[in-house]
Each structure stands twice: as structure tokens, then as C-alpha cells.
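Numbering (the numbering used here), first residue to last: 39 to 310.
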């Protein structure tokens, strides 16, 4: 069982990460209203220069930070799978290395778990920004109730992954994180749902999500398009999604791939 106020933080960092963004991300978790004394930071392959120095400084300054160093870059899914082995508590708060958690994010999530002991996974809403959190251009709104989350998950990721908190045992029970290019979180959520996980999303905005033109380029790349289509085909074979769900998502991803990136970026910021 978990204890109110006790949770692990799980974050991964690698050489290509922006050092300034990383500092904002890690500070936002270190300064939560309810702090964690178990911050697992996975170094996904060798890091150098300024980023290496900053990581070392934080590890020396904050005794709660535990560095897990991987010899080579293993991809996010594999890095998180390794990091989870070192998380001490049942509740684990995920965090990406370029986003910014709102100061009471974890307090709200811990309170919800305390009120709902059968809950397995909990996320919340996110505000999307490009350069400055004062200039939010969109919100990614996701359903809050379990039944609506399950329905939503058949076509879209039902949780905002950088702001998820979950029970470690529930993740491990379905095989944990598995490598699925830029879709490792979504793949995990569906396996948990199919395994009977109890889910919820808070209506509160809990995190500032950093969006960028470079991220859009990756989302609209052919490799990402193929993997997203493959993932939905896997969901169909698992019996979670229907044939029509797969066809619908195939059309969506192919349209995004064929769309000029600059137009997709404009639409992402202005139409959603």
C-alpha cells in the first residue's frame, strides 16, 4: 500500500535535451508543495558539456536525486523501464525533461489517490506553450471519468503522459514500459486498461507542456507515422480497438504526414 505524501519521481534525460529546459523541468518537481525524497533521474546514454555539469550539480545539491546511468542511449521506453526498477515507492510521478509542472500538481494527485485507493493511474489537463508559459496557445483536454477515458483511448492517448502518476505495481503487472517509438506511454496505458486498471483524470491544469516546431516535425515524420499506424493495428489485434478505429487513425496520421509541416504547425496552434 502507498502512504499519503510518499511518492517517487521518474525522469529521463539524454544528450540532445535542452539544458535550460531541463533546469526548468527538474526545478518544477523539486519545488512541489509536497516534495518527494526519491527522485530517480535516468541518464539515457553519455552526456557531455553543460548538461553533464548541470546534472552533476543537481545530484550533489539534492540528496533525493538518484542518478541511473545507462552506457548507451536506449530510447525513452527502455530508459523508463530501467528507472522504474529503482523507484522506492508505490506511487510514481512521471515527468519529462522539458515541461513544467505546476507547483501543487503532486499534492492534488496524492490527495486523489488517498481518496480513491483503488485508483491505478491518474493524469490531468495540460496547457501548451511554445517559448514562455505566459503565452499559452492551447490546452489538451482529456476526459476525467473512467468510462470516458476507456472510450477515448480507442483512438487517442487518454492521459497527458508528462503529468501522469500511477501505481508502480500496476505498471509492472502488465510488463512495464516497452520500446515503441514515441508511443511507449500510450501502449502502456492501453495494456493497463485491458488489465482492469482503474483510471481518472483531474479537470485541473497540472502542467505546462512545451510544444515546438521541431516536435511537430517529428510527429509528422514518416517513421512516426508508420509507428502510430502500427500501434493502432496492435490495439485492434489485442481486441481493444475496432477495425474502423484503425482505419480512422490511419487516415489521420497519413493526412498529417502529407500535410506541409508549416501548415500543420499553424493548425496545431490555432485550430485545435
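We treat Cβ as the ideally placed atom computed from N, Cα and C, and that holds for glycine.
Just so it is clear, the structure is predicted and the values come from calculations on it, not from any experiment.
Bridge-paired residues (DSSP) for residue i
i	result
residue 76	46
residue 166	176 and 247
residue 82	108
Nearest-angstrom Cβ-Cβ length linking residue i and residue j, presumed shorter than 8 Å
i	j	result
residue 197	residue 161	4 Å
residue 78	residue 108	Residue 78 to residue 108, Cβ: 13 Å. No contact.
residue 215	residue 288	No, residue 215 and residue 288 are not in contact; Cβ-Cβ is about 25 Å, not under 8 Å.
residue 146	residue 184	That pair is no contact at about 18 Å.
residue 105	residue 50	The Cβ separation is near 11 Å, so there is no contact.
residue 167	residue 248	7 Å
residue 228	residue 175	Not really, about 29 Å apart at Cβ, beyond 8 Å.
residue 231	residue 188	6 Å
residue 283	residue 193	6 Å
Three-way DSSP call (helix, strand, coil) for residue i in this model
i	result
residue 191	helix
residue 232	helix
residue 103	strand
residue 51	strand
residue 237	strand
residue 215	coil
residue 183	coil
residue 203	strand
residue 297	coil
Sequence-distant residues of its chain with Cβ nearer than 6 Å to residue i (five each side left out)
i	result
residue 134	200
residue 53	85
residue 195	224
residue 110	83
residue 297	none
Residues near residue i by beta carbon distance below 8 Å, same chain, minus five either side
i	result
residue 256	220 and 262
residue 202	131, 132, 159, 160, 161 and 223
residue 100	68 and 77
Cβ-based neighbour list, residue i, same chain, cut-off 7 Å, excluding 5 preceding and 5 following
i	result
residue 127	40, 44, 45, 46 and 76
residue 171	138 and 246
residue 61	92
Whole alpha helix (DSSP H) elements within the stretch 113-164, 4-residue minimum
114-122 and 143-153
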